[in-house]
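Q:
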Amino acid sequence: MSSDLKETAGYSIEEGNAASKNAYNWAQKTFSTRAGKPGEPAQDLAGGFSNEIRFGAERLGIGSDGIGTKIEVAERTDRYDTLGYDLIAMVADDLVVAGFIPTNLSNIIDVNTLNYEVVDELMRGLHDAAQFSQIAVTGGEIAELGNRIGGYPGAKMNFNWCSTAVGVLHPSLERPLSGANVRAGQAVVALRSPSFRSNGYSLARRALTKAFGEAWHTAPYTGSDAAEMGQTWGDVMLAPSLIFSPGVAAVLDAGLPLHAAAHITGGGIADNFKRVLKNGVGAELTNLFEPLPAMQQLAELAGITPTEAYLYWNMGNGMLLVTDEAQAEAVAETLRNHGYQAQVAGRITQEPGVMLRVGAGELAYEG
Numbered sequence: 001m002s003s004d005l006k007e008t009a010g011y012s013i014e015e016g017n018a019a020s021k022n023a024y025n026w027a028q029k030t031f032s033t034r035a036g037k038p039g040e041p042a043q044d045l046a047g048g049f050s051n052e053i054r055f056g057a058e059r060l061g062i063g064s065d066g067i068g069t070k071i072e073v074a075e076r077t078d079r080y081d082t083l084g085y086d087l088i089a090m091v092a093d094d095l096v097v098a099g100f101i102p103t104n105l106s107n108i109i110d111v112n113t114l115n116y117e118v119v120d121e122l123m124r125g126l127h128d129a130a131q132f133s134q135i136a137v138t139g140g141e142i143a144e145l146g147n148r149i150g151g152y153p154g155a156k157m158n159f160n161w162c163s164t165a166v167g168v169l170h171p172s173l174e175r176p177l178s179g180a181n182v183r184a185g186q187a188v189v190a191l192r193s194p195s196f197r198s199n200g201y202s203l204a205r206r207a208l209t210k211a212f213g214e215a216w217h218t219a220p221y222t223g224s225d226a227a228e229m230g231q232t233w234g235d236v237m238l239a240p241s242l243i244f245s246p247g248v249a250a251v252l253d254a255g256l257p258l259h260a261a262a263h264i265t266g267g268g269i270a271d272n273f274k275r276v277l278k279n280g281v282g283a284e285l286t287n288l289f290e291p292l293p294a295m296q297q298l299a300e301l302a303g304i305t306p307t308e309a310y311l312y313w314n315m316g317n318g319m320l321l322v323t324d325e326a327q328a329e330a331v332a333e334t335l336r337n338h339g340y341q342a343q344v345a346g347r348i349t350q351e352p353g354v355m356l357r358v359g360a361g362e363l364a365y366e367g
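Here the sequence shown is numbered in UniProt numbering, starting from 1 and rising by one per residue.
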């Protein structure tokens, strides 16, 4: 990433990946403490956002994440009932791409000063998202940390919200999905994301502030999808994450083959999909869902290229599944039957790297 882009975004994808890899290396050094004991971690799932822990024959998955700076949008708009979908999506979808069906979640809300009504609204949304994804919220804590927690000035409550989820390996799978079985000639199915989800908000907020000033959340949104997304940029950026885990579970329940899956978060399609493109293979994606109009407008406001935009946002594609070519349409149809928009988007190639053929042209990312 160029220094100019790092300054525009407020963070570096490369530096973040390097720090994450280093942190995982330290964590991996603790795996030996549970070797041969209940809770033994898997050793072969490096690169994902969740991991396997073993309790005898039972194979569970565990992963942690938070909502990030999208919280500021809720503080600005004084609406908190959608964030629960973001919180669950970030961990549930990280689990399901490894083949774990999410079952339980524990969460922690760190606040400056407690506001009962805001917490009630947050938890009501979490309840609704848990019902949608068939997850039980079985633990949590609220911690008042005073000026250690900051946020939008004047908000009822400044806070940070993170969670850890666990899930059970789907019974049709002998081992977690890691990309080890991905081969050239297999097909890729994309699931449409109707929102920014909970990624790339530092860049988005900087671009919106530069374009519309400090009160950017009140600026009118005039995109062609305003009827769906909302009338202001605050509405657009607060749109909740769609939780994909029930759809992927339905694919596995139907007995359809699934060789790998990628949750498209920060780092975009290429960075996340590369995590499961093992054995030296690559991907050619020629039929992705179109970027949301808001994403195209925001890229123009941020002054970034399409190649860069596809690294920061999902650009309308929230998850990619790798399946057999002969079963790809059946996978997409199963997802559609469960309320998701899905389509066959491309194929796995013998050559490494990820190539996207989109409306903006051909975008190539090295392997």
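Where a beta carbon is used, it is the ideal one built from N, C-alpha and C, also for glycine.
Got a sec? Which residues, its chain only, sit under 6 Å from residue 292 by beta carbon, not counting five neighbours each side?
A: To locate residue 292, count along the sequence shown from 1; it is residue 292. Counting only Cβ-Cβ distances below 6 Å, and skipping sequence neighbours, we find 316.
Q: Am I right that residue 323 and residue 259 are in contact with their C-beta atoms under 8 Å? What's the rounded C-beta distance?
A: The residue given as residue 323 occupies position 323 in the sequence shown. The residue given as residue 259 occupies position 259 in the sequence shown. So it is a contact: roughly 6 Å between Cβ atoms.
Q: Name, in chain order, the residues that DSSP records as bridge partners for residue 244.
A: Your numbering for residue 244 matches position 244 in the sequence shown. Looking at the DSSP assignment, residue 244 forms no beta bridge with any residue, so it has no partner.
Q: Who are the Cβ neighbours of residue 240 in its own chain at under 7 Å, not counting the five residues just before and after it?
A: In the sequence shown, the residue the question calls residue 240 occupies position 240. Taken in chain order, the residues that qualify are 82, 85, 86 and 195.
Q: For residue 366, I'd like the list of residues in its chain whose CB is within less than 6 Å of its CB, leaving aside the five on either flank, ordered along the chain.
A: As a working mapping, residue 366 is identified with position 366 in the sequence shown. Result list for residue 366: 353, in chain order.
Q: Would you kindly report the start and end of the unbroken alpha helix (DSSP H) that includes residue 276?
A: As a first step, residue 276 is located in the sequence shown; it is residue number 276 there, counting from the start. No alpha helix (DSSP H) contains residue 276, which DSSP labels as neither H nor E.
Q: Can you find at least 3 beta carbon pairs, one from the region 136 to 144 and one from the region 103 to 113, that sit closer than 8 Å?
A: Contact check between the region 136 to 144 and the region 103 to 113: three or more CB pairs, one atom from each, fall below 8 Å, which counts as touching.
Q: With DSSP as the reference, label residue 66 as helix, strand or coil.
A: On the sequence shown, residue 66 is found 66 positions in, with the first residue counted as 1. In this structure, residue 66 counts as strand in the three-state DSSP scheme.
Q: Could you check where the alpha helix (DSSP H) with residue 202 kicks off and where it finishes?
A: Numbered from 1 along the sequence shown, position 202 holds the residue referred to as residue 202. Unbroken alpha helix (DSSP H) run through residue 202: 201 to 212.
Q: For residue 143, which of 113, 172 and 168 has the nearest alpha-carbon?
A: For the purposes of this step, residue 143 is taken as residue 143 along the sequence shown, with counting starting at 1. With distances taken between Cα atoms, residue 143 lies closest to 113.
Q: For residue 349, write down the residues that DSSP places opposite it in a beta bridge.
A: Taking the first residue of the sequence shown as 1, we reach residue 349 at position 349. According to DSSP, which records beta bridges pairwise, residue 349 is partnered with 282.
Q: How many angstroms separate the CA atom of residue 249 from the CA atom of residue 14?
A: Against the sequence shown, residue 249 aligns to sequence position 249. Against the sequence shown, residue 14 aligns to sequence position 14. Those two C-alpha atoms are separated by around 32 Å.
Q: Whole angstroms is fine: what's the gap from residue 289's alpha carbon to residue 57's?
A: Counting from one through the sequence shown, the residue named residue 289 turns up at place 289. Counting from one through the sequence shown, the residue named residue 57 turns up at place 57. Approximately 40 Å, taken between the alpha carbons.
Q: For residue 115, which residues of its own chain have a beta-carbon under 6 Å away from its beta-carbon, when the five flanking residues on both sides are left out?
A: The sequence position of residue 115 within the sequence shown is 115, counting from 1. Answer for residue 115: 156 and 157, listed in chain order.
Q: Write down every uninterrupted run of the beta strand (DSSP E) in the region 172 to 204 whose length is 3 residues or greater and which is fully enclosed by it, in chain order.
A: 187 to 192
Q: Pull up the distance between the alpha-carbon of residue 120 and that of residue 75, whole angstroms please.
A: Within the sequence shown, the letter at position 120 stands for residue 120. Within the sequence shown, the letter at position 75 stands for residue 75. Rounded to whole angstroms, residue 120 to residue 75 spans 15 Å at the Cα level.
Q: Bridge partners of residue 166, per DSSP?
A: Residue numbering aside, residue 166 sits at position 166 when the sequence shown is read from its first letter. The partner list for residue 166 (beta bridge, DSSP) reads 62 and 104.
Q: Quick check on this structure: which residue in 327, 305, 267 and 296 has the alpha carbon closest to the alpha carbon of residue 199?
A: Within the sequence shown, numbered from 1, the residue matching residue 199 stands at position 199. When each option's Cα is compared against that of residue 199, the closest is 267.
Q: Helix, strand or coil: which one does DSSP assign to residue 290?
A: The residue given as residue 290 occupies position 290 in the sequence shown. Assigned with DSSP and collapsed to three states, residue 290 falls in coil, not helix or strand.
Q: So the alpha helix (DSSP H) residue 88 belongs to, where does it begin and stop?
A: Position 88 of the sequence shown holds residue 88. Per DSSP, residue 88 belongs to the alpha helix (DSSP H) from 83 to 96.
Q: List the residues that DSSP assigns as beta-bridge partners of residue 356.
A: Start at 1 with the first residue of the sequence shown, and residue 356 comes out as number 356. Residue 356 is bridged to 285 and 363.
Q: Report, in whole angstroms, the separation of the C-beta atoms of residue 321 and residue 189, which I expect to be a contact under 8 Å.
A: Taking the first residue of the sequence shown as 1, we reach residue 321 at position 321. Taking the first residue of the sequence shown as 1, we reach residue 189 at position 189. That belief holds up - the Cβ atoms of residue 321 and residue 189 are roughly 5 Å apart, short of 8 Å.
Q: Rounded to a whole number of angstroms, what is the C-alpha to C-alpha distance between residue 279 and residue 335?
A: Numbered from 1 along the sequence shown, position 279 holds the residue referred to as residue 279. Numbered from 1 along the sequence shown, position 335 holds the residue referred to as residue 335. Spanning the two alpha carbons is a distance of roughly 28 Å.
Q: Does DSSP put residue 113 in a helix, a strand or coil?
A: Here residue 113 refers to the residue found at position 113 when the sequence shown is read from its first residue. Residue state, collapsed to three classes: coil.
Q: Terminal residues of the continuous alpha helix (DSSP H) containing residue 71?
A: Counting from 1 along the sequence shown, the entry for residue 71 is found at position 71. Residues 71 to 77.
Q: Which of helix, strand or coil does DSSP assign to residue 264?
A: Counted from its first residue, the sequence shown places residue 264 at position 264. Residue 264 falls in the coil class under three-state DSSP.
Q: Which two residues bound the contiguous alpha helix (DSSP H) that contains residue 143?
A: The count along the sequence shown starts at 1 and reaches residue 143 at position 143. From DSSP, residue 143 is part of no alpha helix (DSSP H) but of the beta strand (DSSP E) over 136 to 144.
Q: In this structure, does DSSP put residue 341 in helix, strand or coil?
A: As a working mapping, residue 341 is identified with position 341 in the sequence shown. Here residue 341 sits in coil by DSSP.
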